[in-house]
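These notes are about the structure you will find just below.
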Amino acid sequence: MYIWNINKLVKVLQEGTLTNKQKKRYHIFFWVIVTLSILAYPVVYNPASMNGFDVIDLILTSIIDVIAIYLLIVIYKRRSRKDLGFFLPFFSLTIPLFLHTIVWSIPLFIIAYTYIELFAPYHSMEETNLIDLIMYTIIGIAINFMYVHYFKKIFN
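Right, dumping it as structure tokens:
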């Protein structure tokens, strides 16, 4: 199972050499990530504590994700490989992309909040929410760009 090396995972998916046991593992890990995300949703998005930037963030994230899924479906429909389904590459790419996103977004947030604490302590919560919105938008665009990039590699 390739949980970090995306290029090797793409190569295995291109060659079609994943075993049934590996396929089951990717499905299980995908659904674990989805379940944890759903369980965290009420904690992260409490409607009573949401401000305007939180609503914009939710809307932007939804729009970015819908556009990315549409592009993935278009790539899938135009594929040259008819033997590979949509969900196996989607599920298997989710795991390493999720881990990569966590690893490179943590330093991004550390830098942003260090900046706020050291150089801009006078900023209001609205301004720090704007910084959050910008970072989440950049992260969302980056991860979905990577999905599209790797889907093109797999299916073409």
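Each residue of the sequence shown is one higher than the one before, counting from 1211 in our numbering. Idealized CB from N, CA, C, for every residue including glycine.
Taking residue i as the reference, give the member of the options with the closest Cα.
i       : options                               : result
VAL1358 : VAL1222, LEU1309, PHE1319 and PHE1300 : PHE1300
TRP1241 : ARG1289, SER1302, GLU1327 and ILE1320 : SER1302
ASN1230 : MET1211, LEU1246 and ILE1321          : MET1211
ALA1352 : HIS1310, LEU1249, TYR1286 and ILE1243 : HIS1310
VAL1238 : ASN1339, ASN1366, ILE1364 and THR1304 : Rather than Val, the amino acid found at residue 1238 in this sequence is Ile. Cα-wise, what sits closest to ILE1238 is THR1304.
LYS1362 : GLU1327, LYS1287 and PHE1329          : LYS1287
Could you pull the start and end residues of the alpha helix (DSSP H) that residue i belongs to?
i       : result
ASN1261 : No alpha helix (DSSP H) holds ASN1261; DSSP gives it neither H nor E.
PHE1296 : No alpha helix (DSSP H) holds PHE1296; DSSP gives it neither H nor E.
ASN1215 : Run containing ASN1215: none; DSSP gives neither H nor E here.
For residue i, count the other beta carbons within 10 Å of its own beta carbon; 16 or more makes it buried, fewer makes it exposed. Which is it?
i       : result
VAL1405 : Outside the modelled stretch of the chain, which goes from 1211 to 1366, sits residue 1405, for which no answer is possible.
ASN1261 : exposed
ASN1354 : buried
How many Å lie between residue i and residue j at the Cα?
i       : j       : result
THR1271 : LEU1307 : 16 Å
TYR1325 : ILE1348 : 18 Å
TYR1399 : SER1315 : Outside the displayed span of the chain (1211 to 1366) sits residue 1399, for which this structure offers no information.
LYS1234 : LEU1298 : 10 Å
Does the segment 1270 to 1290 come close enough to the segment 1215 to 1223 that 3 or more CB-CB pairs lie under 8 Å? no
Between the segment 1261 to 1272 and the segment 1337 to 1357, do at least 3 Cβ pairs fall closer than 8 Å? yes
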